[in-house]
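Novice:
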Amino acid sequence: MRRKLAAGNWKMNGTGGSLAEADALAAAWPQAACDILICPPATLLSRLSDRLSGSLIATGAQDCHTASSGAHTGDVSADMVADAGGSHVILGHSERRADHGETDALVRAKAEAALGAGLIAVVCVGETLEEREAGQTIDIVGGQLAGSLPDGATAANTVVAYEPVWAIGTGKVPTLEEIGAVHDDIRARLVARFGAEGDGIRVLYGGSVKPSNAAEIFGVSNVDGALVGGASLKADDFGGIIAALNA
Ligand code: PGA
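Dropping the structure here:
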């Protein structure tokens, strides 16, 4: 059985005052039947990790560089994420792919760096609306998966997040059948490439997950949790999603 994961992606949101939301979440969930992760902006990672140490909430970054150190102004390495207390790093989020031109090859190199630093890589894939309407979803997602995951991916060091680009921050969600079709295909590809490890790699759904739709999405086959943006910013909302995983 794959243990479910509720992962929050704060994106470029949050300053010191936001730590109170994480405190509230930790207080509300002293125990849980799922794993819980918050990925704050880089400026908060160290503070949040300190604050949540001793709680069951893990912390992570939203990106890392391929190199462990060097002349890369503005970047953060996987070693630095680990040093700041992070255990995970989101890689290849569609906003990084769109805003920074990140390719599958770059995401894979970042994932290799993350695994080398002992982090768990949360590798994101997902089609645009144009690609979905052209009937290319399975091919696009399959291609991203093949190109973005390193050969060293295991159930312990890698999580996949399927996030249709058109569902992120829009309030639009694919039908449960559409989510299931993609997740089943991702599972088949993971097993084909990684064998038993591929069966253990968790596949999260992401894109407009909220307390009101979480339970039905978590009922879909091969959905092992969620990567949550907007609804992870408030402890009550994220708690509602965690509750759906603990029902
Ligand atoms: P959303 O974002 O939950 O705000 O749609 C999801 C994500 O980008 O990870």
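As numbered in our numbering, residues 158 to 404 make up the sequence shown, in order. Built from N, CA and C at the ideal position, the CB exists for glycine as well.
In terms of residues, what are the limits of the alpha helix (DSSP H) holding Ala409?
Specialist: Outside the displayed span of the chain (158 to 404) sits residue 409, for which this structure offers no information.
Novice: Does DSSP classify Ile358 as helix, strand or coil?
Specialist: Here residue 358 is taken as the residue at index 201 of the sequence shown, counted from 1. Note: Ile358 maps to coil in three-state DSSP.
Novice: Anything with a beta carbon under 6 Å from a heavy atom of the ligand PGA counts; list them all in chain order.
Specialist: In chain order, the qualifying residues are Asn166, Glu320, Ile325, Gly326, Gly363, Gly364, Ser365, Val366, Leu384, Val385, Gly386, Gly387, Ala388.
Novice: The alpha helix (DSSP H) spanning Thr216 covers which residue range?
Specialist: Counting from 1 along the sequence shown, the entry for residue 216 is found at position 59. From DSSP, Thr216 is part of no alpha helix (DSSP H) but of the beta strand (DSSP E) over 214–218.
Novice: According to DSSP, is Asp192 helix, strand or coil?
Specialist: Within the sequence shown, residue 192 is the residue found at index 35, counting from 1. Residue state, collapsed to three classes: strand.
Novice: What do you reckon, are the CB atoms on Arg350 and Asp381 nearer than 8 Å?
Specialist: Taking the first residue of the sequence shown as position 1, residue 350 is located at position 193. Taking the first residue of the sequence shown as position 1, residue 381 is located at position 224. No.
Novice: Leaving out five residues before and five after Arg344 in sequence, what residues of the same chain have Cβ atoms less than 6 Å from its Cβ?
Specialist: By 1-based counting over the sequence shown, the position of residue 344 is 187. When the five nearest sequence neighbours on each side are left out, the beta carbons in the same chain lying within less than 6 Å of the beta carbon of Arg344 are those of Asn379, in order along the chain.
Novice: Judging by CA-CA distance, which residue of Val330, Thr311, Gly249 is the nearest neighbour of His222?
Specialist: Translated into positions along the sequence shown, residue 222 becomes position 65. Checked all of Val330, Thr311, Gly249; the closest Cα to His222 is Gly249.
Novice: Can you tell me whether DSSP reads Thr315 as helix, strand or coil?
Specialist: What you label residue 315 is simply residue 158 of the sequence shown in a count that begins at 1. Three-state result, Thr315: strand.
Novice: Using a Cβ-Cβ cut-off of 8 Å (strictly less than) and excluding sequence neighbours within five positions of Val377, which residues of its own chain qualify?
Specialist: Translated into positions along the sequence shown, residue 377 becomes position 220. If we look at Val377 and ignore the five residues flanking it on each side, its Cβ neighbours are Leu333, Ile336, Gly337, His340, Tyr362.
Novice: Since Leu390 contacts Glu178 with CB under 8 Å, what's their CB separation in whole angstroms?
Specialist: In the sequence shown, counting from the first residue as 1, residue 390 sits at position 233. In the sequence shown, counting from the first residue as 1, residue 178 sits at position 21. That pair is a contact at about 7 Å.
Novice: Here's the rule: buried if 16 or more other CB atoms are within 10 angstroms of the residue's CB, otherwise exposed. What is Asp220?
Specialist: Position 63 of the sequence shown, counting from 1, holds the residue named residue 220. So Asp220 counts as buried.
Novice: Which of the three DSSP states is assigned to Ile277 in this structure?
Specialist: For the purposes of this step, residue 277 is identified with residue 120 of the sequence shown, where counting begins at 1. Residue state, collapsed to three classes: strand.
Novice: May I ask you to report which of helix, strand or coil DSSP gives Val322?
Specialist: Here residue 322 is taken as the residue at index 165 of the sequence shown, counted from 1. Helix at Val322.
Novice: Restricting to Cα atoms, I'd like to know which of Asp356, Ala404, Gly355 is closest to Pro368.
Specialist: Sequence index remark: in the sequence shown, residue 368 carries index 211 (1-based). For the residues Asp356, Ala404, Gly355, the minimum Cα distance to Pro368 belongs to Ala404.
Novice: According to DSSP, is Ser234 part of a helix, a strand, or is it coil?
Specialist: One-based indexing of the sequence shown puts residue 234 at position 77. In this structure, Ser234 counts as strand in the three-state DSSP scheme.
Novice: When burial is assigned at 16 or more other CB atoms within 10 Å of the CB, is Thr294 buried or exposed?
Specialist: Here residue 294 is taken as the residue at index 137 of the sequence shown, counted from 1. By the neighbour-count rule (16 or more Cβ atoms within 10 Å), Thr294 is buried.
Novice: Let me know if Leu213 comes out buried or exposed under the rule of 16 or more other beta-carbons within 10 Å of its beta-carbon.
Specialist: Your numbering for residue 213 matches position 56 in the sequence shown. Leu213 comes out exposed.
Novice: Measuring CB atoms only, is the segment 174–192 touching the segment 223–239, in the sense that at least three cross pairs come out at less than 8 Å?
Specialist: no
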